[in-house]
Amino acid sequence: MTSATRRIILPGALILCAAAVLRLHHLGWSLPHTYEEATPLRVAFQMWGWDRDLDVSLNPHFFNYPSLVLYVHFIAQGLVFLLLRLAGSIQTMQDWQVLYLTDPSVIYLAERGVNVMFALGSLGGTFLLGRAMAGPVAGLIAALLVAVNPFHIARSQMIEVDMALTCLVSLALWGCVRVAHTGRRHDYVAAGLMIGLAASSKYTGFFLLIPLLVAHLLWNRSRSVAWRDLGLALAGSAAVFALTSPFVLIDFAHFWQGFSTERAHMMGGHFGLSDAPAWRFYLQTLAGRILGLPTATFAAAGIVVWALVRRDRAAIVLLAFLSGYAIIVSSWTMRADRYLLPVLPAVCVFAAGALAALAASPYRRSAARMLACVVLVWLCGTDLVRYRQQARMIQADPRTDAAEWIEQNLPTGSFILVENQGPEFLSPVTIMQLDPGLREAVLEKTAARPLYAVQLLPMSQTSSEQSGPFYSMGLYPDADYVVTTGAVRDRYEHEPARYARQVEFYRQLDLGMQKLKSFEARGGDAVGITVYRCGQHDAPFGARKRATAPPRLPDSALASGRAGASYYFQLGANHEYFGHDHEAYVCYIRALESGTHDEHVFMHCVLGAVRTLLKTRQSDTAVRVLDRAVEIAPDDEIRSMILDLRQRIITHGAL
206 MTSATRRIIL PGALILCAAA VLRLHHLGWS LPHTYEEATP LRVAFQMWGW
256 DRDLDVSLNP HFFNYPSLVL YVHFIAQGLV FLLLRLAGSI QTMQDWQVLY
306 LTDPSVIYLA ERGVNVMFAL GSLGGTFLLG RAMAGPVAGL IAALLVAVNP
356 FHIARSQMIE VDMALTCLVS LALWGCVRVA HTGRRHDYVA AGLMIGLAAS
406 SKYTGFFLLI PLLVAHLLWN RSRSVAWRDL GLALAGSAAV FALTSPFVLI
456 DFAHFWQGFS TERAHMMGGH FGLSDAPAWR FYLQTLAGRI LGLPTATFAA
506 AGIVVWALVR RDRAAIVLLA FLSGYAIIVS SWTMRADRYL LPVLPAVCVF
556 AAGALAALAA SPYRRSAARM LACVVLVWLC GTDLVRYRQQ ARMIQADPRT
606 DAAEWIEQNL PTGSFILVEN QGPEFLSPVT IMQLDPGLRE AVLEKTAARP
656 LYAVQLLPMS QTSSEQSGPF YSMGLYPDAD YVVTTGAVRD RYEHEPARYA
706 RQVEFYRQLD LGMQKLKSFE ARGGDAVGIT VYRCGQHDAP FGARKRATAP
756 PRLPDSALAS GRAGASYYFQ LGANHEYFGH DHEAYVCYIR ALESGTHDEH
806 VFMHCVLGAV RTLLKTRQSD TAVRVLDRAV EIAPDDEIRS MILDLRQRII
856 THGAL
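Convert by adding 205 to the 1-based position in the sequence shown; the result is the number in this note's numbering.
So, in structure tokens, the structure goes:
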């Protein structure tokens, strides 16, 4: 071990420990309420097949993202299950699923911990990049800037694929820098393997081919071009991607469907956002909320000094990545601040490079070093102040306050119409999808909580006008309360001509219904909540002996396909749970006839329709319903399940 290496071990360890403390602090934010999408957690949980006697499937049946991160969380969940079982907290797979459905706090904590590990790994990649460009001190400074960055800390605590991508991007860029410096074959192969892993965490990882090509050209510009090593790198990328996301090839049809959906999402974007060009949004977000103007200024100076003036190879490779990535993501209509996370290590390396250049100034070197230290302390101190403000906002989410107030003040059995991004409640929509044994266990575990008939107002990010027909109280005659969210309402009201139905819906709520309680947003990503009382019913939905006949959706609502089936499915589950079997049957049949291709909704509507018929001993009608379901089933697998169900009813007269 060299003396230079020994000098960086202690400060490096301190930076790593400080980063870990900042990311583990408040790791349990919002729990047991779960507001983040947590897509890797949810998809991985379905892969285990806990409710199917451990019928494990390595095919995620989800291809909006590739599979590497899904598999990591899949393994993490298995380890959590084993630890809880060894500790005696759970005994069976049913216990595990009950835990997931009733209080998944321990699962979320563990999987947020996985994301923290990726975050700490990105610090290591940042150090390596900074050292390669401007020396070990610059590497430590860059790692420190990432360690205290509030945006990086916040995303470290969210179960997403973006932090894994950031970690692997930083390591892949280091591999590309090694190619530019040495051109050795094993550096090519290492860079290619890391690019394959990055692309297997999120498809945008393939953008790293741009800096790899630039690194190759830098190494070969004064030599005979050796394309064989570049070919090995590309082959390694493809092989690693195929090994870690194998069902992209094995189940190509479903992959293309999911990938096309994600591509359409990127090109279509979300409604209600600013009309400003994407490049302006990303530039303002990076220089403002993510980095802060001082750090962004030093990063720009670092680009000028190291890439344009000194023409350092590492800096050119990093700039190639930043430029290519910026051009591509700015071409999308969809925009989100988390898309900037992968560029953070490279940007902080340039900021650290500027500070290192300042400290190495030949004029009054001691004063220059002192000035660089003061600036570094100022930058880190500013970030820590922003982190404290952010931590306070995270702990005060209005959805938590709203959920607690509603459960304390609204009677169980109430019919609540809830807008997207509102608080979540225990509802028949969840309960009626469970097997009878699991359903009983969940209800026993949640006996102290009220259960509400929850109907969700549909929202489509990319086809936002399709939600308009559902914004009519005439479709919810049994509703006792309505819960709206500022995050959705503000976006509709931003374009009142385009979303006239939604805006009129809000106006009618304000004029014709009693506003019970408002929970204001407190900055950041918090969501304002408003609770209205409908007032036309004397008793809550669950206590009524009769329910209103299910309304028929207008043709404009049925044209949305999935939203129409989901409306009837939720309404049917609410009716069935509270004993209105005829109304439930009507809803399930209408959902099936709506032409939905959602396999999950289709199968549960089949089961719901059959259940309601068998309660009144109408097995012959149940068989006819199944015959019709076979004809309109969305795929062969569902068709086979329905035929098995049909045979069971014919043989035993029961499910």
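Beta carbons: idealized from backbone N, C-alpha and C, even for Gly.
Between R738, F710, L350, which lies nearest to T500 when the distance is taken from Cα to Cα? L350
Quick one: complete alpha helix (DSSP H) runs, 4+ long, within the segment 491-542? 498-507, 518-535
What first and last residue would you give for the beta strand (DSSP E) that runs through F620? Residues 620-623.
Can you tell which of A658, F526, H780 has the C-alpha that lies nearest to the C-alpha of E612? A658
Can you list, in chain order, the residues of its chain with a C-beta nearer than 7 Å to that of P682? Leave out the 5 residues immediately preceding and following it. T753, P756
Tell me whether Q296 sits in a helix, a strand or coil according to DSSP, three-state version. coil
Are the Cβ atoms of M162 and S672 separated by less than 8 Å? The structure shown does not extend to residue 162, since the chain is modelled only from 206 through 860, so no value can be given for it.
On the DSSP bridge assignment, give the partners of K820 in chain order. DSSP lists no partner for K820.
On the three-state DSSP scale, how would you describe S845? helix
Three Cβ pairs or more, each shorter than 8 Å: is that satisfied between the segment 368-375 and the segment 571-578? no
Please tell me whether F310 and P237 are closer than 8 Å, where the distance is taken between their beta carbons. Inspection of the sequence shows that residue 310 is occupied by Ser rather than by Phe. Contact: yes.
Environment of I346 [buried if 16+ CB atoms lie within 10 Å]: That one is buried.
Quick check: the Cα distance between V510 and W424, rounded to an integer number of angstroms? One C-alpha to the other measures close to 21 Å.
What does a CB cutoff of less than 6 Å around V791 pick up in its chain, not counting 5 residues either side in sequence? P755
Residues near G380 by beta carbon distance below 7 Å, same chain, minus five either side: D392, A395, A396, M399
So what's T690 in DSSP terms, helix, strand or just coil? strand
Shortest alpha-carbon distance to S262 belongs to which of F250, Y793, P355, L273? F250
Quick one: is R822 buried, meaning 16 or more other Cβ sit within 10 Å of its Cβ, or exposed? exposed
Range covered by the alpha helix (DSSP H) that runs through R751: Neither: R751 is in no alpha helix (DSSP H) and is coded neither H nor E.
DSSP beta-bridge partners for T466? Answer by DSSP bridge pairing: none, since T466 is not bridged.
Answer yes or no: do L848 and V835 have a C-beta to C-beta separation smaller than 8 Å? yes
Quick one: grab the DSSP three-state call for A565. coil
From A702 to E670, what does the alpha carbon distance come to, in whole angstroms? 11 Å
Which same chain residues end up closer than 8 Å to I455 when comparing Cβ atoms and leaving out the 5 residues on each side of it in sequence? N264
On the CB-based measure, 16 or more other CB atoms within 10 Å of its CB, does G217 come out buried or exposed? Around the Cβ of G217, a 10 Å sphere holds 16 or more other Cβ atoms; the residue is buried.
Is it buried or exposed for M472, if we count other Cβ within 10 angstroms and need 16 for buried? Under this definition M472 is an exposed residue.
Run through the segment 266-342 for me and flag every whole alpha helix (DSSP H) of 4 or more residues, listed as ranges in chain order. 273-292, 298-307, 310-339
Would you decide whether H780 is buried or exposed? Buried here means 16 or more other CB atoms lie within 10 Å of its CB. buried
Please report the residue range of the beta strand (DSSP E) in which K722 lies. Where K722 is concerned, the enclosing beta strand (DSSP E) stretches over 719-724.
Do the segment 311-325 and the segment 277-289 touch if we need at least three Cβ pairs shorter than 8 Å? yes
Give the range of the alpha helix (DSSP H) segment to which Y737 is assigned. Not the alpha helix (DSSP H): Y737 falls in the beta strand (DSSP E), residues 734-738.
Does V353 come out as helix, strand or coil in the three-state DSSP assignment? Assignment of V353 by DSSP, reduced to helix, strand and coil, places it in the coil class.
From T801, F783, F356, Q626, pick the residue whose C-alpha is nearest to that of A492; which is it? F356
Can you find the residues in the same chain that come closer than 8 Å, C-beta to C-beta, to R851, ignoring five residues on each side of it along the sequence? Counting only Cβ-Cβ distances below 8 Å, and skipping sequence neighbours, we find V828, L831, D832, V835.
Can at least three beta-carbon pairs, one atom from the segment 547-566 and one from the segment 575-594, be found at a separation below 8 Å? These segments touch.
Under 7 Å Cβ to Cβ from E467, same chain only, skipping five residues before and after it: list those, please. Only N269 meet the Cβ criterion.
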